[in-house]
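Visitor: Note that the protein sequences, when read in sequence, are chains D and E. Numbered by the numbering used here, the letters in the first sequence go through residues 110 to 262 in order. Numbered by the numbering used here, the letters in the second sequence go through residues 110 to 262 in order. Beta carbons are placed, not taken as given, at the ideal position from N, Cα and C, and that holds for glycine. This structure is a prediction, so every number in the text was calculated from the model and none was measured. I am attaching a structure below and will ask some questions about it afterwards.
Protein chains: 2
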Amino acid sequence: MAGRTWAFEDFTEGTVIDLGSKEMSAQEIVAFAAEFDPQPMHLDEAAGRASILGGLSASGWHTCAVFMRLLCDAFLLDSTSQGAPGVDEIKWKRPVLAGDTLSGRTTVLAARESRSRPTIGLVTLRSELFNQQGEAVLELSNSVMFLKRGPVA
Amino acid sequence: MAGRTWAFEDFTEGTVIDLGSKEMSAQEIVAFAAEFDPQPMHLDEAAGRASILGGLSASGWHTCAVFMRLLCDAFLLDSTSQGAPGVDEIKWKRPVLAGDTLSGRTTVLAARESRSRPTIGLVTLRSELFNQQGEAVLELSNSVMFLKRGPVA
């Protein structure tokens, strides 16, 4: 963990991290839905158009999974992350349609040292994904545990 | 939608719905992680044993996706669901390890008619998944929109 770029001390309040981008193909949307969320509007273009979503649209859980991959590639795999106990809130703000390109950012809302574990800090992140029109499609807040960089007193 | 088994009126407070069960194979855990959450403890048995999770363990998002599939098969695909605006809270209570068999239930916490849309009601669900030892691994709360069964006045 010593050589990692991101440790607890690097997540200061207000830090904004770019999450890069990912195009959502129809093939990927249907493959995820067939395994995990086989509702018609996630499997079929005509059923999507007939639904309130307006077209073949990704499962909200697929959007969350893509968010996780962007987070991994942006900084998490090069960090001292010790995992997350859960998620505080997810908002699926708009449909994610086949062909959309999602991009995003994560903002550090708060960072505090653990009272019980002196080697660890807890970082509260608020993350957002947008489509190619700049419209928010996903908002997500959660807290992640990171090891501290510095020697423990 | 008329022939569906589950409409808004069927989700009365306190109703408990069995979600069936699903075994989490090492192959499925690694396939999901390789695409969406390539952290070492989700990809490799030795890395998992070396982590605080204690073995090759599913991404928390994989557990959520499996929960969604169980929900679909238990009642959602045979319901008047109009989708969900998000998730209020997710708690990953314990690691889900390769070979674990998850089972679960959903409890109706509240059901109320929409003020703005007379054909719709909002149902608040609290869902739990357990491993084969009966230990909770996932808790999740959210609200889902369902069409009403009865004719609209």
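Using a Cβ-Cβ cut-off of 8 angstroms, state whether ALA156 of chain E counts as contacting chain D.
Guide: Not closer than 8 angstroms to any Cβ of chain D, the Cβ of ALA156 of chain E fails to qualify, so no.
Visitor: Closer than 8 angstroms, CB to CB, is GLN148 of chain D near chain E or not?
Guide: Taking Cβ atoms only, chain E reaches closer than 8 angstroms to GLN148 of chain D, which makes this a yes.
Visitor: Taking the DSSP output, what are the residues bridged to GLU248 of chain E?
Guide: Looking at the DSSP assignment, GLU248 of chain E forms a beta bridge with E:LYS200 and E:GLU237.
Visitor: Opposite VAL253 of chain E in the DSSP bridges: which residues?
Guide: Paired residue(s): E:VAL232.
Visitor: Out of D:LEU249, D:ILE161, D:VAL175 and D:ALA219, which one is the CA nearest neighbour of GLU144 of chain E?
Guide: Cα-wise, what sits closest to GLU144 of chain E is D:VAL175.
Visitor: Name the residue from E:GLU244, E:MET254, E:VAL205 and E:VAL246 whose alpha carbon lies nearest to the alpha carbon of ILE229 of chain E.
Guide: Of E:GLU244, E:MET254, E:VAL205 and E:VAL246, the residue nearest in Cα terms is E:MET254.
Visitor: Does the Cβ-Cβ distance between PRO58 of chain E and SER250 of chain E come in under 8 angstroms?
Guide: No statement about residue 58 of chain E is possible, as the shown extent of chain E runs from 110 to 262 and does not include it.
Visitor: Do we get a CB-CB distance below 8 angstroms when we pair MET177 of chain E with the residues of chain D?
Guide: Closer than 8 angstroms to some Cβ of chain D, the Cβ of MET177 of chain E qualifies, so yes.
Visitor: Tell me the DSSP bridge mates of TRP115 of chain D?
Guide: Beta-bridge pairing links TRP115 of chain D to D:SER188.
Visitor: Using only the alpha-carbon positions, how far apart do THR114 of chain E and LEU152 of chain E sit?
Guide: The alpha-carbon atoms of THR114 of chain E and LEU152 of chain E are separated by roughly 40 angstroms.
Visitor: Establish whether the CB of ASP197 of chain D and some CB of chain E are separated by less than 8 angstroms.
Guide: Closer than 8 angstroms to some Cβ of chain E, the Cβ of ASP197 of chain D qualifies, so yes.
Visitor: For a test of the three-state rule: what should DSSP assign to ARG158 of chain E, helix, strand or coil?
Guide: Residue state, collapsed to three classes: helix.
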